[in-house]
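First to last, the sequence lines map onto chains A and B.
Numbering-wise, the numbering used here comes out as the position in the first sequence, counting from 1, plus 1133.
Numbering-wise, the numbering used here comes out as the position in the second sequence, counting from 1, plus 250.
Virtual Cβ for every residue (Gly too), placed ideally from N, Cα, C.
Owing to the predicted nature of the structure, the values given are computational and were not obtained by experimental measurement.
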Amino acid sequence: MLSLIVFFPLAVAVAMLLVPRTQEKLIKGLALVGTLVPLALTLVLLSRFEVGSGAIQFQEKFVWIPSLGIQYHMGVDGWGITMLALSTLLFPLAVLASFGYIEHRVKDYFVLLLILETGTNGVFTALDFVLFYVFWEIVLLPMYFLIGIWGGPRREYAAIKFFLYTLIGSVIMLVGALALYLQFPAGQRTFDLIELAKLTQGLPVNALTTFAFFALLLGFAVKVPAFPFHTWLPDAHVEAPTPISMLLAGILLKMGTYAMVRISHPMLPQVARQWAWLIAVVGIIGIVYAAFAAMAQKDFKKVVAYSSVAHMGFFLLGLAAGTPEALAGGYFETIAHGLISPLFFFVVGMYYERTHTRELEKLGGMFLTVPAVSFVMAFTAFANLGLPGLAGFIAEFFTLVGSYQTWGLWILGAGLGMVIIAAFHLILMRQVLMGEKKYESLPDITPKEITIFAPLAALIVLFGVYPAPVFKVLDPGIKVLSALLLGG
Amino acid sequence: MEFALDYAWLIVALPLLTSAVIATFAKQLREPRAGYLGTAMMGVTFLLALLVFIGAVRHTGLPAHEPAAEAVGHGAAVAEPAAFGSVPEATPLRHWTLADWAVFAGKPFRMGLMVDNLTAAMLMMVTLVSFCVQLYSIAYMHGDKRFTRYYAAVNLFTAGMLLAVMADNLLLLVVGWELMGLCSYLLIGHWFEQPWPRYGSFKAFITTRTGDTFMLVGIAALYALTGTLNFDELAAVLPQVAQEHPAALLLSALLIFGGPIGKSAQFPLHVWLPDAMAGPTPGSALIHAATMVAVGVYLVARAFAIFVHAGPEVMAVIALVGAFTSLFAASIATLRTDIKQVLAYSTISQLGYMFLALGVGSFSAGTFHLMTHAFFKALLFLAAGSVIHAMHHIQEMHQMGGLRKKIPVTFWTWMVGYLALAGFPFTSGFFSKDELLLAAFNWQAPPGWPEWVSKLPFAMGAATAFLTAYYMTRATYLTFFGEPRSEHAEHAHESPRPMTAALVILAVPALLSGYAWAALVYKFTHAPIFEWWPYFTGNPLQHLPHENAELVTAIATTLGLLGIGLALVIYAVLPVGFRVAAIRTLKPVYVVLKRMYYVDEFYHATAVAGTAALGRLVAWFDRTVVDGIVNLVGEGGRAWADVCAWFDRTFVDGLVNGAGWLALFSGRQLRRLATGQVQSYMMTFAVLVAFGAVAVWLTLSR
Chain A
1134 MLSLIVFFPL AVAVAMLLVP RTQEKLIKGL ALVGTLVPLA LTLVLLSRFE
1184 VGSGAIQFQE KFVWIPSLGI QYHMGVDGWG ITMLALSTLL FPLAVLASFG
1234 YIEHRVKDYF VLLLILETGT NGVFTALDFV LFYVFWEIVL LPMYFLIGIW
1284 GGPRREYAAI KFFLYTLIGS VIMLVGALAL YLQFPAGQRT FDLIELAKLT
1334 QGLPVNALTT FAFFALLLGF AVKVPAFPFH TWLPDAHVEA PTPISMLLAG
1384 ILLKMGTYAM VRISHPMLPQ VARQWAWLIA VVGIIGIVYA AFAAMAQKDF
1434 KKVVAYSSVA HMGFFLLGLA AGTPEALAGG YFETIAHGLI SPLFFFVVGM
1484 YYERTHTREL EKLGGMFLTV PAVSFVMAFT AFANLGLPGL AGFIAEFFTL
1534 VGSYQTWGLW ILGAGLGMVI IAAFHLILMR QVLMGEKKYE SLPDITPKEI
1584 TIFAPLAALI VLFGVYPAPV FKVLDPGIKV LSALLLGG
Chain B
251 MEFALDYAWL IVALPLLTSA VIATFAKQLR EPRAGYLGTA MMGVTFLLAL
301 LVFIGAVRHT GLPAHEPAAE AVGHGAAVAE PAAFGSVPEA TPLRHWTLAD
351 WAVFAGKPFR MGLMVDNLTA AMLMMVTLVS FCVQLYSIAY MHGDKRFTRY
401 YAAVNLFTAG MLLAVMADNL LLLVVGWELM GLCSYLLIGH WFEQPWPRYG
451 SFKAFITTRT GDTFMLVGIA ALYALTGTLN FDELAAVLPQ VAQEHPAALL
501 LSALLIFGGP IGKSAQFPLH VWLPDAMAGP TPGSALIHAA TMVAVGVYLV
551 ARAFAIFVHA GPEVMAVIAL VGAFTSLFAA SIATLRTDIK QVLAYSTISQ
601 LGYMFLALGV GSFSAGTFHL MTHAFFKALL FLAAGSVIHA MHHIQEMHQM
651 GGLRKKIPVT FWTWMVGYLA LAGFPFTSGF FSKDELLLAA FNWQAPPGWP
701 EWVSKLPFAM GAATAFLTAY YMTRATYLTF FGEPRSEHAE HAHESPRPMT
751 AALVILAVPA LLSGYAWAAL VYKFTHAPIF EWWPYFTGNP LQHLPHENAE
801 LVTAIATTLG LLGIGLALVI YAVLPVGFRV AAIRTLKPVY VVLKRMYYVD
851 EFYHATAVAG TAALGRLVAW FDRTVVDGIV NLVGEGGRAW ADVCAWFDRT
901 FVDGLVNGAG WLALFSGRQL RRLATGQVQS YMMTFAVLVA FGAVAVWLTL
951 SR
């Protein structure tokens, strides 16, 4: 089943290659099918998922290259299935957002989009490092072209920057993994993430394990992105077309956060414990720094992009704290952000399609011009600034609550960031929504836009009011990881 | 009536539902149906709250016996089981819990609603004020283009307050708390086309959010200490925690108090409240009387155990912040000329009173003043709105005058609110202020603090009583007495029926609610009803002194009457020339008061300007330094890549190909090489680095 979820989009992409490029309707229909089927299958998996158990579920395991300990090993636990669900949810929405928006080279676009989904779904389900790495790299290429071909005026710069950054990151990560792999005598060597972690957890803290830890972490941190490796993100977002921004913020960043809880931290918790302070510092700096940076931006999309960096800082802070509440809060942040930020980028797109500008100076009075679109924006902005009753608040609240146990008053730094985050969202709303009309009349929200808004908003509210489903799914994994990170 | 208690949760649900319905069907409802719907639903909610309240009263009963005359302190409460001022029953009347709202490493996190006596009283007060505000708004908001939005916000606002009041844990209380933050943002910014509402709504949200941040960190600290946020569990574990980690608990309590400082507009975070007047006046009544600002006081009362166990120092801080704020804001109010601004500073001042009462240990006096103030301040705001309505949206008192005959209902109801606020004998404010000043009078500073600190709360509180009577008399005189000073004042008309009806309804509790705890009346009648409030909502941790009651009453009443007299002399008797001369002589004082002690200017020069500058600095740093390094590395990499590509072709290929297990990767790299693009070179370079590093480690690890 997992393989089907992962490779179905790829299969559709191959089929799509056979369709003549003039058949745009067929292509769009195929794209929708190619992304909706994995969503439906994931829902089936969710319904069958055994919540209380910490075990890997729906496993598929075949020998691939036995001499090197490489397997085709797929499976999900709480960490994975939540991300898989997020990914399979966002892809159909991104496909929908592309309709009417992507008008040229439609076929190439959707082929790449489908390949991208195979990559991301694969990352969240692969349990063998080589397999994981293959999917990780598969994500890179379609993203590069999606930004580079369908992006804005500086798309090539942004695409290359994205590509190089994440490529260097992933290569360094590969080195780290290989270093760990080679620690063991030939007979024991394995790339199986679960098995390897059991072995590596027993390694002493020395130069080699520290190197390996940081190599892995760096590769993931670039993707998250953590300060100071974040500058590719604003550029990539500004140039990327709306649906791609949605996916970039919603899913691609989560590859980094997922990889940390799946690979770097469970494999080398003994090293992670020693350097937790550094990750916490990076997290807190990220929150405050990105919040301030967002405040000074003049481009709507850049504000949202920097807010992503700030929110990922909460994840890092929670991960560094290691307590169950902090881990749960931090990971919940990735899910909340995965729902809110795509919606926010979509909002930017809604205004851009109507006004053809993202410059904040040129927007204003939108509450009067397009009330429904503006309601969506206000909802999203308040969700993003962590309004209680919505998902983001739960995440930030428990991250703070859990982090205090480890970091004490240092989390006041994160608190300062929360104030600045609130401030720049309000400034944003003041600039875009309030004031006198700047545009006499623009078309208000369309059914397509409501279709994209509704499911995301519903989940944002649901998880904000009743987060139990997410917390319950995550809890067995959190219990294990927290015990590892806090030590005996 | 106890059956109503079983449905008390509806009190939160109904306004929430109403808000959703109004927001969803805004187009179908419009004006005035949205107003009718909101008002009717709030009326139903109020009736339910009233039944709940009656149920709670019947459940509790009246104080059964003659209360002991002497103080009941921490120790004494244990000795006398049914002591006066203690809670008749420790457990809530009703409790609804969701046991598995969240789970952390197997430990469940509970979430729930509850009703106890304090909650029951608050529910009734909030729903009554909200009902009056909505009834009033049907006329006041007539013709407003965002009529439905207003009603949706008001109902959501009320729901937020009711949620906070019914919360059985700090997290849910904070949720209701922040919902009100959102709604105050919407209400203050109701007329967002204009600059002042835009500024005011922003300022309110950010200032309170600053306080909230400290509170969240404090809550986090509390959770780290106790492992729970539920009030009942906290009460159980706090005594032990206070023994084991006194310093940590003290820090946590101080941080938590940051939230109330922001939300209840205490110095130094009071600055948002005057600018919150930019919204529609009935909205102000709701925000500044019954809901948002009251929740800070409510939190300190609800979490009283935290503050008491955190030690007398924390309680002293609360008392002193409250006392200072009450005096500070009252002094500013003496020179405000905008009728709503007078009420705004008066609100800050009165909230300071409530913290003063709680801080000196009198839970009952603090919550009692919270209730009486909610009624008479809501009344005053609505009456002021009626004046503004009659004056065609002029708020300057200098342009009013002589309105008492033009708008009699407004005048008489205003008089009720005015006298209550001024602490005029036998109005509601008189009794509640008396109790809190009494508690302040008998307060002792924490051990080790200088003795004169013990005197501060009462001294400041008494001075505030004087100033309050003064500025309210001044405002009343300028507005309603003398000759009309403008065309509008000349031709003012009484407001429509829904507005005056709301005023009359509110005037009743504004006048009478004080008799729920009228020590003076009790002295003569010995009817237990007049000692009912501290019995009904008492707290076992509170300290209710009775010494010097007559003295305090005498001082407070005299000061109040003096304040009224002084204002009358200055404004009614002496000629205008006297005021001009006085301003000239006291110029420095006048300017400082007029500019409200330059607090706004200070924040603008520091926090606001600093934040904006820091934002620009960080953005610049990000663009030039961080990204500069990235681009530099990129450029360098480009040059390196050429070298490496050559090196790669010449030397490394063989090596790579030899390593069969890496064929997968090398194949990809080699293919890229042929494309001749920069990124391919870079990739080659990167892979090269990878191989190099692995080779090094292979050697090292052997």
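Would you list, in sequence order, the uninterrupted beta strand (DSSP E) runs of no fewer than 3 residues that lie entirely inside the segment 353-435 of chain B? Runs found: 357-365.
Compare the C-beta of A:A1601 against all C-beta atoms of chain B and say whether one is closer than 8 Å. Chain B, which has a Cβ nearer than 8 Å to the Cβ of A:A1601, makes this yes.
Between which residues of its own chain and B:L920 is the CB-CB distance below 7 Å, once the five residues before and five after are set aside? Caution applies to B:L920, whose pLDDT of 47 falls short of 50 and renders its modelled position unreliable; the value that the coordinates give is listed next. Leaving aside the five residues that flank B:L920 on each side, none in its chain has a CB nearer than 7 Å to its CB.
Should B:A332 be labelled buried (16 or more other beta-carbon atoms within 10 Å of its own) or exposed? Unreliable placement is indicated for B:A332, whose pLDDT of 37 sits below 50; no coordinate value is reported for it.
Beta-bridge pairing of A:E1193 - partner residues as DSSP gives them: When DSSP reads this structure, A:E1193 sits in a beta bridge with A:M1207.
Entirely within the segment 556-628 of chain B and at least 4 residues each: give me those alpha helix (DSSP H) ranges in chain order. Considered as a whole, the segment 556-628 of chain B harbours 562-583 and 589-609 as its complete alpha helix (DSSP H) runs of no fewer than 4 residues, in chain order.
Check the Cβ of B:V425 against every Cβ in chain A and list those closer than 7 Å, keeping chain order. Neighbours of B:V425 on chain A, chain order: P1521 and G1522.
Are B:C433 and B:F407 close, meaning C-beta to C-beta below 8 Å? Contact: yes.
Output, in sequence order along the chain, the residues in the segment 1605-1620 of chain A whose CB is closer than 7 Å to any CB in chain B. So the close ones are K1605, D1608, I1611, K1612 and S1615.
List, from N- to C-terminal side, the beta strand (DSSP E) runs of 3 residues or more that fit wholly inside the segment 653-688 of chain B. Correct list: empty.
Alpha-carbon spacing of B:S614 relative to A:A1392, whole angstroms: Cα-Cα distance, rounded: 54 Å.
Could you tell me which residues DSSP pairs with A:A1259 in its beta bridges? Paired residues: A:M1207.
So that I know if they touch, is there some Cβ in chain A lying closer than 8 Å to that of B:L260? No Cβ of chain A is located within less than 8 Å of the beta carbon of B:L260.
So within the segment 1336-1373 of chain A, which uninterrupted alpha helix (DSSP H) runs reach at least 4 residues, ignoring any that extend past its ends? DSSP runs (the alpha helix (DSSP H)) wholly in the segment 1336-1373 of chain A: 1340-1356 and 1365-1372.
In or out: A:L1313 buried (at least 16 other Cβ within 10 Å) or exposed? Here A:L1313 is buried: its Cβ has 16 or more other Cβ atoms, across all protein chains shown, within 10 Å.
Quick check: the segment 653-669 of chain B against the segment 421-430 of chain B, are there 3 or more CB pairs under 8 Å? Judged by Cβ distances under 8 Å, the segment 653-669 of chain B makes no contact with the segment 421-430 of chain B, as fewer than three pairs qualify.
Against chain C, with Cβ distances strictly below 8 Å, would B:E428 count as a contact? Included in the structure are the protein chains A and B, with no chain C among them.
Just to confirm the assignment, what range does the alpha helix (DSSP H) spanning B:M749 have? Here the alpha helix (DSSP H) through B:M749 covers R747 to L762.
Tell me the rounded alpha-carbon separation between B:G878 and B:D482. Rounded to whole angstroms, B:G878 to B:D482 spans 56 Å at the Cα level.
Within 10 Å of its beta-carbon, does B:F774 have 16 or more other beta-carbons around it, so buried, or fewer, so exposed? When all chains shown are included, B:F774 counts as exposed.
Along the segment 1354-1366 of chain A, where does the CB come closer than 7 Å to a CB of chain B? Name the residues. Those residues of the segment 1354-1366 of chain A that come within reach of chain B (Cβ to Cβ, closer than 7 Å) are P1361 and T1364.
Listed from N- to C-terminal order along the chain, which residues in the segment 1453-1468 of chain A have their beta-carbon within a distance smaller than 7 Å of any beta-carbon of chain B? Hits within the stretch, in order: P1457, E1458 and A1461.
Contact check, B:V547 vs B:L413, beta carbons under 8 Å: For the 8 Å CB-CB criterion, B:V547 and B:L413 do not form a contact.
Measuring only between beta-carbons, confirm whether A:I1593 sits less than 8 Å from chain B. Not closer than 8 Å to any Cβ of chain B, the Cβ of A:I1593 fails to qualify, so no.
Between the segment 384-418 of chain B and chain A, which residues of the former have CB atoms less than 8 Å from a CB of the latter, in chain order? Going along the segment 384-418 of chain B in chain order, one finds no residue with a Cβ nearer than 8 Å to chain A.
Restricting to Cα atoms, I'd like to know which of A:E1236, A:L1411, A:G1255 and A:Q1204 is closest to A:D1261. Cα-wise, what sits closest to A:D1261 is A:Q1204.
Using a Cβ cut-off of 7 Å, pull out every chain A residue sitting near B:D872, in sequence order please. By Cβ distance, chain A contributes T1364 and A1426.
On the three-state DSSP scale, how would you describe B:R344? Assignment of B:R344 by DSSP, reduced to helix, strand and coil, places it in the strand class.
For the alpha helix (DSSP H) that A:V1565 lies in, which residues bound it at each end? Residues L1545 to V1565.
Am I right that A:L1493 and A:V1565 are in contact with their C-beta atoms under 8 Å? What's the rounded C-beta distance? Beta-carbon to beta-carbon, A:L1493 and A:V1565 are separated by about 7 Å, close enough to satisfy the 8 Å threshold.
To which residues does DSSP link A:I1198 through a beta bridge? When DSSP reads this structure, A:I1198 sits in a beta bridge with A:I1203.
Tell me the rounded alpha-carbon separation between B:G673 and B:M542. So the two alpha carbons sit approximately 24 Å from each other.
Using the Cα positions of B:S336 and B:G616, report the straight-line distance between them to the nearest angstrom. In this prediction, B:S336 has a pLDDT of 45, which is less than 50 and means its spatial position is unreliable; what the coordinates show is noted afterwards. Counting only the Cα atoms, B:G616 lies some 15 Å from B:S336.
By alpha-carbon positions, which one of A:G1498, A:I1468 and A:A1443 ends up nearest to A:G1548? Its Cα nearest to that of A:G1548, the residue A:A1443 stands out among A:G1498, A:I1468 and A:A1443.
May I have the straight-line CA-CA distance separating B:S502 from A:G1541, to the nearest angstrom? Counting only the Cα atoms, A:G1541 lies some 11 Å from B:S502.
Going straight from the alpha carbon of B:G529 to that of A:L1501, what length do you get? In a straight line, the C-alpha of B:G529 is about 18 Å away from that of A:L1501.
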